[in-house]
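*Asks:* Here the sequence shown is numbered in the working numbering, starting from -7 and rising by one per residue.
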Amino acid sequence: MRTERLGVDAESIARAAEILRSGGLVAFPTETVYGLGARADDGQAVRAIFEAKGRPAGNPLIAHVGDLEAARELAAEWPAAAELLGQAFWPGPLTLIVKRRRDRIADEVAAGGATVGIRVPAHPVARALIQAAGVPIAAPSANRSTGISPTTADHVAKSLDGRIQAIVDGGTTARGIESTIVDVSHVSHISRSLASILRPGALPAASIAALVPLRAQEGIVVAVGQRAPSPGTHARHYAPRARVALVRPESVRDEVARAAGQGARVGAIERGERTVAGAEVLPDEPMGYAAALYAALHRLEDAGCDVIIIAAVPEAPDWDAIRDRLRRASAET
Ligand code: TXA
Ligand code: MG
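(1) Taking the straight line between their C-alpha atoms, what separation do you get for LEU12 and ILE200?
(2) Can you say whether GLN157 is buried or exposed, counting buried as having 16 or more other CB atoms within 10 angstroms of its CB?
(3) Taking 8 Å as the threshold (C-beta atoms), are PRO52 and GLY15 in contact?
(4) What does the alpha-carbon distance come out to for the pair ASP246 and THR138?
(5) Evaluate ARG94 with the Cβ neighbour count: other Cβ atoms within 10 Å of its Cβ, from every protein chain shown; 16 or more gives buried, anything less gives exposed.
(6) Entirely within the region 6 to 33 and at least 3 residues each: give me those beta strand (DSSP E) ranges in chain order.
(7) Alpha carbon to alpha carbon, how far is TRP70 from ALA106? Give it in angstroms, no decimals.
(8) Within 7 Å: the Cβ of PRO132 and any heavy atom of the ligand MG?
(9) Output yes or no for whether 8 Å exceeds the beta carbon distance between PRO142 and TYR26.
(10) Does DSSP put ILE200 in a helix, in a strand, or in coil?
(11) For the ligand TXA, is there a heavy atom less than 7 Å away from the beta-carbon of ALA201?
(12) I'd like the span of the beta strand (DSSP E) that includes ALA109, first residue to last.
(13) Does DSSP classify SER180 as helix, strand or coil?
(14) Can you tell me which of the three DSSP states ASP378 falls into?
(15) Using the beta-carbon count (16 or more within 10 Å), is ARG358 buried or exposed?
(16) How big is the Cα-Cα spacing for GLY410 and ILE173?
(17) What is the rounded straight-line gap between the Cα of GLU170 and the Cα of ALA321?
(18) Can you find the residues in the same chain that come closer than 6 Å, C-beta to C-beta, to GLN218, ignoring five residues on each side of it along the sequence?
(19) Which residue comes first and which comes last in the alpha helix (DSSP H) that contains ARG257?
(20) Suppose contacts are defined by Cβ-Cβ distances below 8 Å. Is LEU339 in contact with ARG111 by that definition?
(21) Just the Cα atoms here: how many angstroms apart are ARG184 and ALA67?
(22) For SER177, which residues in the same chain have their Cβ closer than 6 Å to its Cβ, ignoring the five residues on either side in sequence?
(23) Per DSSP, THR87 forms a beta bridge with which residues?
(24) Using C-beta distances below 7 Å, list every residue in its chain close to ALA335, excluding the 5 sequence neighbours before and after it, in chain order.
(25) Express the C-alpha separation of GLY(-1) and GLU277 in angstroms, rounding to a whole number.
(26) Does at least one heavy atom of the ligand TXA sit under 7 Å from the Cβ of ILE189?
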C-alpha cells in the first residue's frame, strides 16, 4: 500500500477525514505524540490499527473526541470526578478511563473490556480531523508496538510507511510525551474508591490531585506476564532496538567508554551539559526534556547504536512521566 503524505491545509484535512470515514488508517499529530487513527465505531477499521502496529488484541485504545459532551456520550457512567477533570483539562493531555456504553464504539477499541479511555486532544489538526470525520477516532501512538513513540511525521513513516493509508504532517508535537491516564471508572460517592493514575504523562499528577483525591501509587510499572491495570503499562515499552542503560549522570562518561571498549556502537543522552563528545544533550527541566526525549532516542536508533547510556533524571514528582518512560525503555524484557 502507498502511504499518502498530507499537509494541514483544509483540502488535506478533508482528504484525511474521507479516508477515516471510509475505514482507513490515518496518522495525525496531537499535542502529545502522533496518533494512528481509525473510526472508533467500525470494528474492522479498528482491527486494522492492531494489525498495522503489531499490537496485541488485548491492549485497548483511546477514543479521541471533540469535546466534553461527545466524551459523556461514550460513557455508561460519568462520575463527578470525570466532569471535574474534563472541565479543567480538556482539550489537553488527559485520558479518562470510564465505564463504557456498548452501542457507540466497537468492542475492539475497549479490547472487550467494560471501560473505555477517552481523550479530547488540544492540537488544532487533531481537532479539525475529529470534527471533519464526525465520529470518535480510536488512536494509539503511531508506532509499531513496543517501539519509540513518534513526535514527527518522519518518525511515523519510519515504522508505518506502507502499512497505513496516510500521514498528516503537522510538524513536531509540542509536549513530546503521552497523555496522563486517570482511571475514574470505580469512583463514586458510594464506592469511596479513589481515582488512580494508570500512566503518568504530560499532565502532572499534582494538577489532578488538586481537584480529585488520588490513590497513592508508587511504581505502577508491572512485569511482563503479570496482568497490568492498564495493559500498555507492561515494563518493556517505549523501547528502542538498542540496549538502554540508565546510569548516574556522573557515570555516563565511564559507562560510554566501557561499552565502547567492548566494541559496541554507543550513544548517550545527558541533561543540561555535555560530558561525552557526541552525546545528545536535553534540557535540564521536565517540560523541555519530555519534548525532546523521543526524538533523541529515534536519532540514536537511526544511527545504529547497540547501546544507549542515559543519565538518570531527578526523583522529583515533576519528572515522574519521564522516569516512567526511561525505566520502560531500559527494562530487560
Ligand atoms: O497521548 C496519548 O495518550 C497518545 C495520543 C495519540 O493520544 N495515545 C497513546 O495511546 O499513547 P497508546 O495506545 O499508545 O497508549 C494508551 C494506553 C495503553 O497503555 C492502553 O493499555 C491504555 O492506554 N488504555 C486504553 N484504554 C484503556 C482502558 N479502557 N483501561 C485501561 N487502560 C487503557
Ligand atoms: Mg503507545
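Beta carbons: idealized from backbone N, C-alpha and C, even for Gly. If you're wondering where the values come from, they're calculated on a predicted model, not measured in any experiment.
*Replies:* Here's the rundown:
(1) Looking up residue 12 in the sequence shown gives position 20. Looking up residue 200 in the sequence shown gives position 208. Across the structure, LEU12 and ILE200 are spaced so that their CA atoms are roughly 33 Å apart.
(2) Indexing the sequence shown from 1 puts residue 157 at position 165. So GLN157 counts as buried.
(3) By 1-based counting over the sequence shown, the position of residue 15 is 23. By 1-based counting over the sequence shown, the position of residue 52 is 60. The answer is no: Cβ separation not under 8 Å.
(4) For the purposes of this step, residue 246 is taken as residue 254 along the sequence shown, with counting starting at 1. For the purposes of this step, residue 138 is taken as residue 146 along the sequence shown, with counting starting at 1. Roughly 29 Å between the two C-alpha positions.
(5) The residue you call residue 94 lines up with position 102 of the sequence shown. By the neighbour-count criterion, in which 16 or more other beta carbons inside 10 Å mark a residue as buried, ARG94 falls on the exposed side.
(6) For the region 6 to 33, the continuous beta strand (DSSP E) assignments of 3+ residues that do not extend past its boundaries occur at 18 to 20, 27 to 31, in sequence order.
(7) The residue given as residue 106 occupies position 114 in the sequence shown. The residue given as residue 70 occupies position 78 in the sequence shown. In this model, ALA106 and TRP70 are separated by some 14 Å (Cα to Cα).
(8) Locating residue 132 in the sequence shown gives position 140, where the first residue counts as 1. Judged by the Cβ position, PRO132 qualifies as a neighbour of the ligand MG at the 7 Å threshold, a heavy atom of the ligand being closer than this.
(9) Looking up residue 142 in the sequence shown gives position 150. Looking up residue 26 in the sequence shown gives position 34. Going by beta carbons, PRO142 and TYR26 fall inside the 8 Å limit.
(10) The residue given as residue 200 occupies position 208 in the sequence shown. Here ILE200 sits in helix by DSSP.
(11) Locating residue 201 in the sequence shown gives position 209, counting from the first residue. Checking every heavy atom of the ligand TXA against the Cβ of ALA201, none is found closer than 7 Å.
(12) As a working note, residue 109 is residue 117 in the sequence shown. First, the amino acid is wrong: residue 109 is Gly here, not Ala. Unbroken beta strand (DSSP E) run through GLY109: 107 to 111.
(13) As a position in the sequence shown, residue 180 is number 188, starting the count at 1. The answer is coil: DSSP assigns SER180 none of H, G, I, E or B.
(14) Since the first and last residues shown for the chain are -7 and 325, residue 378 lies out of range.
(15) With the chain covering only -7 through 325, there is no way to say anything about residue 358.
(16) Outside the modelled stretch of the chain, which goes from -7 to 325, sits residue 410, for which no answer is possible.
(17) Translated into positions along the sequence shown, residue 170 becomes position 178. Translated into positions along the sequence shown, residue 321 becomes position 329. GLU170 and ALA321: Cα-Cα distance of roughly 14 Å.
(18) The residue you call residue 218 lines up with position 226 of the sequence shown. With a pLDDT of only 38 at GLN218, under the threshold of 50, the placement of this residue in the model should not be trusted, and no figure is reported.
(19) The count along the sequence shown starts at 1 and reaches residue 257 at position 265. First-last for ARG257: undefined, no H or E at that position.
(20) It is not possible to answer for residue 339, since the shown part of the chain is limited to -7 through 325.
(21) The residue labelled residue 184 in the question sits at position 192 within the sequence shown. The residue labelled residue 67 in the question sits at position 75 within the sequence shown. Our two residues, ARG184 and ALA67, have alpha carbons roughly 20 Å apart in a direct line.
(22) Taking the first residue of the sequence shown as 1, we reach residue 177 at position 185. Leaving aside the five residues that flank SER177 on each side, the residues in its chain whose CB is nearer than 6 Å to its CB run, in chain order, ILE89, VAL90, LYS91, THR107.
(23) Position 95 of the sequence shown, counted from the first residue, corresponds to residue 87. Checking the DSSP bridge columns, you'll see THR87 partnered with ILE173.
(24) What is shown of the chain runs -7 to 325, which leaves residue 335 out entirely.
(25) The residue labelled residue 277 in the question sits at position 285 within the sequence shown. The residue labelled residue -1 in the question sits at position 7 within the sequence shown. The C-alpha of GLU277 lies about 32 Å from the C-alpha of GLY(-1).
(26) On the sequence shown, position 197 is the one that residue 189 refers to. ILE189 Cβ: outside cutoff for every heavy atom of the ligand TXA.
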